[in-house]
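Residue numbers (the numbering used here): 2 to 293.
Following this line, the structure appears as structure tokens:
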């Protein structure tokens with residue numbers, strides 16, 4: 002009587018796991034390299050085409066500027082400043098207004114969003130007024146703030162805070178409404194107080210919505226500060242842009258816009274780090290896992 006043995010799958014050894022992990026890291030590095038190559042390639046095509054078209058006279062540099070002129074104007078701004086003081090001081094003024102407005106708008110947006118998301122009565126009472134204020138054009142609000150508080154930093158901070166508030170508020174409100182009611186009921190059965198429910202259930206559940214709103218909220222904070230500075234200011238990047246526009250200086254406008262873009266990208270990177278830290282407990286979704 003002969004016996005036959007069926008082949009079995011070979012167990013995954015430590016070397017096999019290490020090889021798979023190394024392959025995954027190489028794939029991730031290749032993807033990052035391809036992404037950056039695509040980004041730099043796109044920038045090279047856009048800037049190179051822009052420079053070529055203005056040099057060949059296809060596009061008038063008087064109205065649209067050109068990359069080489071923008072770079073020279075940017076260096077000149079950093080070296081010699083503006084008629085309103087150092088360019089660094091103007092940058093700091095706008096950053097300060099945006100940061101304070103961002104913080105104030107984000108905090109109040111989360112507080113009101115959580116409060117109204119939990120209370121249908123408060124939502125029904127305050128909802129129409131919030132929608133009315135949200136419908137007011139921001140440039141009108143900026144004019145009102147300048148009339149009321151002058152041309153200092155206060156109206157810019159208020160305008161930035163208003164823009165941030167509505168973005169964060171609506172996301173926080175919807176995030177609270179999306180909390181699993183079974184989890185809330187279980188927490189109440191276990192004897193959790195309302196404050197404990199808010200801290201340990203509602204806010205963590207809505208945190209994904211809130212963090213998602215912050216990515217675009219800082220950009221709106223910058224917009225609020227710039228609009229306020231264009232309407233009336235003693236310093237700031239918005240005033241630099243307005244002056245360059247009045248002097249028919251497109252290179253100055255684009256140079257200042259480039260600085261603003263760098264600031265926003267830096268803030269976006271920091272918010273991404275904050276998101277990774279606050280949501281480190283959350284397992285990656287299938288769509289996020291497929292990106293690796």
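The C-beta atom is built at its ideal place from N, Cα and C for all residues, glycine as well.
Check: Alpha carbon of residue 21 to alpha carbon of residue 27, nearest angstrom; Outcome: 10 angstroms
Check: Assigned secondary structure, residue 237 (DSSP; H/G/I helix, E/B strand, else coil); Outcome: coil
Check: Nonlocal neighbours in the same chain, by C-beta distance under 6 angstroms from residue 139, ignoring five residues either side; Outcome: none
Check: Other residues of its chain near residue 116: CB distance less than 8 angstroms, five sequence neighbours each side excluded; Outcome: 123
Check: Neighbourhood of residue 78 by C-beta distance below 8 angstroms, restricted to the same chain and skipping five residues each side; Outcome: 88, 241, 253, 256 and 257
Check: Segments of 4+ residues assigned as alpha helix (DSSP H) that fall wholly inside the region 100-175; Outcome: 121-136 and 139-150
Check: Simplified DSSP assignment, three categories, for residue 192; Outcome: coil
Check: Whole-angstrom distance between residue 159 and residue 95, CA atom to CA atom; Outcome: 13 angstroms
Check: Sub-9 angstroms separation of residue 244 and residue 83 beta-carbons; Outcome: yes
Check: Of the residues 45, 68 and 237, the one placed nearest residue 56, counting alpha carbons only; Outcome: 68
Check: Residues bridged to residue 83 [DSSP beta-bridge criterion]; Outcome: 86
Check: Nonlocal neighbours in the same chain, by C-beta distance under 8 angstroms from residue 279, ignoring five residues either side; Outcome: 208 and 212
Check: Neighbourhood of residue 2 by C-beta distance below 7 angstroms, restricted to the same chain and skipping five residues each side; Outcome: Residue placement at residue 2 cannot be trusted, given a pLDDT of 45 that sits under 50; what the coordinates show is reported in the next sentence. So no residue of the chain qualifies.
Check: Backbone CA spacing between residue 288 and residue 32 [nearest angstrom]; Outcome: Unreliable positioning characterises residue 288 in this predicted model, as indicated by a pLDDT of 47, which lies under 50. The coordinate reading is nonetheless provided below. If you take the alpha carbons of residue 288 and residue 32, they lie about 16 angstroms apart.
Check: Sequence-distant residues of the same chain with beta carbon closer than 8 angstroms to residue 11, five excluded per side; Outcome: Note on residue 11: pLDDT 49, under 50, position unreliable in the model; the coordinate value appears next. Answer for residue 11: no residue qualifies.
Check: Alpha helix (DSSP H) runs wholly inside the region 5-72, at least 4 long, in chain order; Outcome: 15-56 and 62-65
Check: Sub-9 angstroms separation of residue 163 and residue 118 beta-carbons; Outcome: no
Check: C-alpha gap between residue 132 and residue 186, whole angstroms; Outcome: 31 angstroms
Check: Buried/exposed call for residue 134, threshold 16 Cβ in 10 Å; Outcome: exposed
Check: Cβ-Cβ separation, residue 269 to residue 216 (assumed contact under 8 angstroms), whole Å; Outcome: 6 angstroms
Check: Anticipated Cβ contact below 8 angstroms, residue 156 with residue 220, distance rounded; Outcome: Between residue 220 and residue 156 the Cβ distance is about 19 angstroms, and since that is not below 8 angstroms, they are no contact.
Check: Collapsed DSSP secondary structure at residue 250 in the structure displayed; Outcome: coil
Check: C-beta contact flag for residue 264 and residue 99 at 9 angstroms; Outcome: yes
Check: Exposed unless 16 or more other CB atoms sit within 10 angstroms - verdict on residue 63; Outcome: exposed
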